[in-house]
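Trainee: Note that the sequence shown covers residues 1 to 377 in full-length UniProt numbering.
For every residue, glycine included, the Cβ atom is placed at its ideal position computed from N, Cα and C.
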Amino acid sequence: MFENKKIAIITDWIKDIWWAEKVLFDIMELFPEADIYTSVFWQEWNPKFAWRKIYTSFLQKIPFLNKRPKIALMFRPRAFESFDLWQYDIVISSSSAESKWVITRPETIHFCYCHTPTRYFWSHYFEYFERLEFGILNFVAKIAMKFFIHNLRVWDFVAAARVDFFIANSVNTAGRIAKYYRRESKLIYPGIDLNSFPFSDIKKDYYFYVWRTIPYKKFDLLVDTFNENWKKIILSTATDNALYRELVKKSKPNIKWIFGLSNSEVRQYMSEAKAFLFPPEEDFWLVSIEAMATGTPVIAYKKWWSLETVRENHKYLPSTWVFFEEQTVENLNKAIEKFETLEFDYQKIREYSYNFDISIFKKELKSFIEEKIDLSK
Numbered sequence: 001m002f003e004n005k006k007i008a009i010i011t012d013w014i015k016d017i018w019w020a021e022k023v024l025f026d027i028m029e030l031f032p033e034a035d036i037y038t039s040v041f042w043q044e045w046n047p048k049f050a051w052r053k054i055y056t057s058f059l060q061k062i063p064f065l066n067k068r069p070k071i072a073l074m075f076r077p078r079a080f081e082s083f084d085l086w087q088y089d090i091v092i093s094s095s096s097a098e099s100k101w102v103i104t105r106p107e108t109i110h111f112c113y114c115h116t117p118t119r120y121f122w123s124h125y126f127e128y129f130e131r132l133e134f135g136i137l138n139f140v141a142k143i144a145m146k147f148f149i150h151n152l153r154v155w156d157f158v159a160a161a162r163v164d165f166f167i168a169n170s171v172n173t174a175g176r177i178a179k180y181y182r183r184e185s186k187l188i189y190p191g192i193d194l195n196s197f198p199f200s201d202i203k204k205d206y207y208f209y210v211w212r213t214i215p216y217k218k219f220d221l222l223v224d225t226f227n228e229n230w231k232k233i234i235l236s237t238a239t240d241n242a243l244y245r246e247l248v249k250k251s252k253p254n255i256k257w258i259f260g261l262s263n264s265e266v267r268q269y270m271s272e273a274k275a276f277l278f279p280p281e282e283d284f285w286l287v288s289i290e291a292m293a294t295g296t297p298v299i300a301y302k303k304w305w306s307l308e309t310v311r312e313n314h315k316y317l318p319s320t321w322v323f324f325e326e327q328t329v330e331n332l333n334k335a336i337e338k339f340e341t342l343e344f345d346y347q348k349i350r351e352y353s354y355n356f357d358i359s360i361f362k363k364e365l366k367s368f369i370e371e372k373i374d375l376s377k
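1. Is Ile202 buried or exposed, if buried means 16 or more other CB atoms sit within 10 Å of its CB?
2. Nearest-angstrom Cα distance between Arg176 and Thr116?
3. Do you know offhand how far Lys366's Cα is from Phe111's?
4. Can you give me the start and stop residues for the alpha helix (DSSP H) that Lys70 sits inside?
5. Would you mind sorting Lys315 into buried or exposed? The rule is 16 or more other CB atoms within 10 Å of its CB.
6. If the criterion is Cβ atoms closer than 7 angstroms, does the pair Ile358 and Gly191 meet it?
7. Rounding to the nearest angstrom, what Cα-Cα distance links Ile27 and Lys362 in this structure?
8. So for Lys203, helix, strand or coil by DSSP?
9. I'd like to know whether the C-beta atoms of Ser262 and Thr294 end up nearer to each other than 7 angstroms.
10. Report the option in Trp285, Leu222, Trp51 whose CA atom is closest to the CA atom of Lys256.
11. Report the rounded CA-to-CA distance for Tyr120 versus Leu243, giving the unit in angstroms.
12. Where does Ile234 sit, in a helix, a strand or coil, going by DSSP?
13. Counting along the chain, where does the beta strand (DSSP E) carrying Val322 start and finish?
14. For Pro32, which option in Gln43, Phe259, Lys146, Arg52 has the closest C-alpha, if you only look at C-alpha atoms?
15. Cα separation between Lys61 and Tyr55?
16. I'd like to know if the segment 9-21 and the segment 37-50 are in contact, where contact means that at least 3 CB-CB pairs between them fall below 8 angstroms.
17. Here's the rule: buried if 16 or more other CB atoms are within 10 angstroms of the residue's CB, otherwise exposed. What is Glu343?
18. Report yes if the C-beta distance between Glu281 and Lys303 is below 7 angstroms; otherwise report no.
19. Who are the Cβ neighbours of Val248 in its own chain at under 8 angstroms, not counting the five residues just before and after it?
20. What do you reckon, are the CB atoms on Val91 and Ala8 nearer than 7 angstroms?
21. Whole angstroms is fine: what's the gap from Glu184's alpha carbon to Asp374's?
22. Please report how far the alpha carbon of Ala72 lies from the alpha carbon of Glu81, in whole angstroms.
23. Among Glu265, Asp12, Thr239, whose alpha-carbon lies nearest the alpha-carbon of Arg76?
24. Please give me, in chain order, every unbroken run of the beta strand (DSSP E) with length at least 3 that falls completely inside the segment 162-204.
25. Considering only their Cβ atoms, is the gap separating Leu286 from Gln209 smaller than 7 angstroms?
26. Please classify Ile143 as buried or exposed, where buried requires at least 16 neighbouring CB atoms within 10 angstroms.
27. Among residues of its own chain, excluding the 5 on either side of Lys250, which ones have a beta-carbon nearer than 8 angstroms to its beta-carbon?
28. Cβ atoms of Tyr216 and His124: under 7 angstroms apart, would you say?
29. For the beta strand (DSSP E) that Phe111 lies in, which residues bound it at each end?
30. Cutting at 6 angstroms between CB atoms, please list the residues of its own chain near Ser39, excluding the five before and the five after it.
31. Tell me the rounded alpha-carbon separation between Asp84 and Glu98.
32. Here's a check: name, in chain order, each residue in its chain whose Cβ is nearer than 6 angstroms to the Cβ of Thr239, leaving out the five neighbours to either side.
33. The alpha helix (DSSP H) spanning Trp101 covers which residue range?
Shown next as structure tokens:
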């Protein structure tokens, strides 16, 4: 099907390796001959990119922009529109920002695997606006954002119209694609390599959370909650910013911060935690599935994606989670208290994660692309 097709994979930027980048690796494995296009690339040492053709934009050559995605925001739309993709038959963008803005020839089929419509244009604009982190230029940046946000939203909407087929990573993302872009989408959940996650039914006396320290990930809620209840929690991030430093300074001794854990270290801490905490409103978060793959239950904010990925404590179903209804210290503490009264079957929690095995993602994505290519003939 794909032997005689020229394929390009487009992604927003390749800087740090988080869960969106893991989905990118899965797509790359599915299409080993595909070329990679991105705004900036800082993973030359990573063996995943060995022997790959990597094409970067003009932003790669600008020192004060190439390592600062937020500052480069105003320039990324033009960066992606400037790529010459005329030689490709199939374009696959893995996008939570501007990579879907690429322009293809009329005969090219563009599939967008959408992690979310661009948050800082749409659903989380005001949260990002309040913490722009431009330092002494914050005042100027806020004026610029207020001035340009309407045009950026229009530009984003027009770019979305150029995509031939949208693929959503969750029901919530599909809803946002419909709301902001007025487009239908195919639902295909991302997956994980279950064999790479150590299972443990021996849990230690700590809770665990890992992600980037940005406002909507709600590290602040965890710090406030565990400052109050004095229970042990390990927090990990690889994002050194003003919010991170502020929260570390605010944390009491029962809150342990570990900066820059490797993937294997994250999985080890995850497998031994009594529970993985998930406080933000998110579209779909692979790390919760990874926690279940290690046999660790999840305490989650009861909104959006959580309902898709975890199960309630029910006599007919294995318990994988405890919910809290509101993002408040009081509600989270109640959920933790409830969690500590329950018993969990850690093996059944791991078995539930089999629903999100990487082989399922690859099979569904490949089948969908093949189907649409057949219809276009």
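Mentor: So, to answer that:
1. exposed
2. 7 angstroms
3. 11 angstroms
4. From DSSP, Lys70 is part of no alpha helix (DSSP H); its letter is neither H nor E.
5. Low confidence applies here, because Lys315 scores a pLDDT of 44, under 50, leaving its location unreliable and the question unanswered by this model.
6. yes
7. 8 angstroms
8. coil
9. no
10. Leu222
11. 17 angstroms
12. strand
13. 321-324
14. Arg52
15. 12 angstroms
16. yes
17. exposed
18. yes
19. Trp257
20. yes
21. 19 angstroms
22. 15 angstroms
23. Asp12
24. 165-168, 185-187
25. For the record, residue 209 in the displayed sequence is Tyr; it is not Gln. Not a contact, by the Cβ cut-off of 7 angstroms.
26. exposed
27. Val223, Asn227
28. yes
29. 109-114
30. Trp13, Ser57, Leu59, Arg76, Ala79
31. 16 angstroms
32. Arg212, Thr213
33. Per DSSP, Trp101 belongs to no alpha helix (DSSP H) and is neither H nor E.
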